[in-house]
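Engineer: Each position in the sequence shown, counted from 1, maps to that position plus 2 in our numbering.
In this text, a Cβ means the ideal position worked out from N, Cα and C, and glycines have one as well.
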Amino acid sequence: MPLKFKNIAFYFTYQNCYSICTTYPKEDSLMKQSIVHIALVVDDYDEAIHFYTQKLDFTLIEDTYQPEQDKRWVVVSPKNSNGTTILLAKASNSIQKDFVGNQSGGRVFLFLGTDDFHGDYQRLLSKGIEFVRDPKVADYGTVAVFKDLYGNLWDLIQFNNEHPMHSRLI
Numbered sequence: 003m004p005l006k007f008k009n010i011a012f013y014f015t016y017q018n019c020y021s022i023c024t025t026y027p028k029e030d031s032l033m034k035q036s037i038v039h040i041a042l043v044v045d046d047y048d049e050a051i052h053f054y055t056q057k058l059d060f061t062l063i064e065d066t067y068q069p070e071q072d073k074r075w076v077v078v079s080p081k082n083s084n085g086t087t088i089l090l091a092k093a094s095n096s097i098q099k100d101f102v103g104n105q106s107g108g109r110v111f112l113f114l115g116t117d118d119f120h121g122d123y124q125r126l127l128s129k130g131i132e133f134v135r136d137p138k139v140a141d142y143g144t145v146a147v148f149k150d151l152y153g154n155l156w157d158l159i160q161f162n163n164e165h166p167m168h169s170r171l172i
């Protein structure tokens, strides 16, 4: 049974909404999404930039002062990576400061994928990176755990060629 409308503007609004709300996009036209940044709470921007660019050999993507919030927008990423980046976010209150170095409650927090595990492992050791778990070979690949400058735990990991993550990372 057709609906009757007293207000012509409402009718057109209803028709537009009905048309929009009942037209579904084709599966191949769905929006593409990705995780752009992971926020990592730090004590100091400059010491964090130094660690990530000099010790881990990351690229500084952006370092922009935001005067309206009196903070910096600092983004780093592994060299030659087009994936997720790390937003270095300075702790601005006591609650945030409590999480510096322990953002994941003692678990490994971040995973640094590589296509040359042994080369990167030796390079990181030579730059003074502290590994808290020695390299081991597992079903999924080769992994070792290291600490960043604040104590957050990272996996240095090279997935086996057969592992589903291998083609996503390298």
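Tell me, which residues are paired with Val76 by DSSP?
Structural biologist: Its beta-bridge partners are Asp65 and Leu90.
Engineer: Kindly indicate the opening and closing residues of the alpha helix (DSSP H) around Arg125.
Structural biologist: First-last of the alpha helix (DSSP H) with Arg125: Phe119 to Ser128.
Engineer: Among the candidates His39, Val77, Leu32 and Lys149, whose CA atom is the shortest distance from the CA of Asp48?
Structural biologist: Here the closest residue by C-alpha is Val77.
Engineer: In angstroms, rounded to a whole number, what distance separates the CA positions of Pro166 and Arg125?
Structural biologist: Cα-Cα distance, rounded: 26 Å.
Engineer: Give me, in chain order, the residues of the same chain whose beta-carbon lies closer than 8 Å to that of Ile51; leave out the 5 immediate sequence neighbours on both sides.
Structural biologist: These residues qualify, in order along the chain: Leu62, Asp65, Val76, Val78 and Leu90.
Engineer: Tell me the residue span of the alpha helix (DSSP H) that contains His52.
Structural biologist: From DSSP, the alpha helix (DSSP H) with His52 extends over Tyr47 to His52.
Engineer: Quick check: Leu155 and Gly115, are their CB atoms within less than 9 Å of each other?
Structural biologist: Cβ atoms of Leu155 and Gly115: not closer than 9 Å.
Engineer: Under a Cβ-count criterion, where at least 16 other Cβ atoms within 10 Å of its own Cβ denotes burial, should Asp150 be classed as buried or exposed?
Structural biologist: It counts as buried.
Engineer: Leaving out five residues on either side along the sequence, give the residues of the same chain with a beta carbon under 8 Å from the beta carbon of Ser94.
Structural biologist: Lys73, listed in sequence order.
Engineer: Where do the ends of the alpha helix (DSSP H) carrying Gln98 lie?
Structural biologist: Segment Ser96 to Phe101, the alpha helix (DSSP H) holding Gln98.
Engineer: Spatial neighbours of Phe119 within its chain, please: CB distance less than 6 Å, with the 5 preceding and 5 following residues excluded, ordered by chain position.
Structural biologist: Hits under 6 Å: Thr144 and Gln160.
Engineer: Just how far apart, CA to CA, sit Val38 and Gln71?
Structural biologist: Approximately 21 Å, taken between the alpha carbons.
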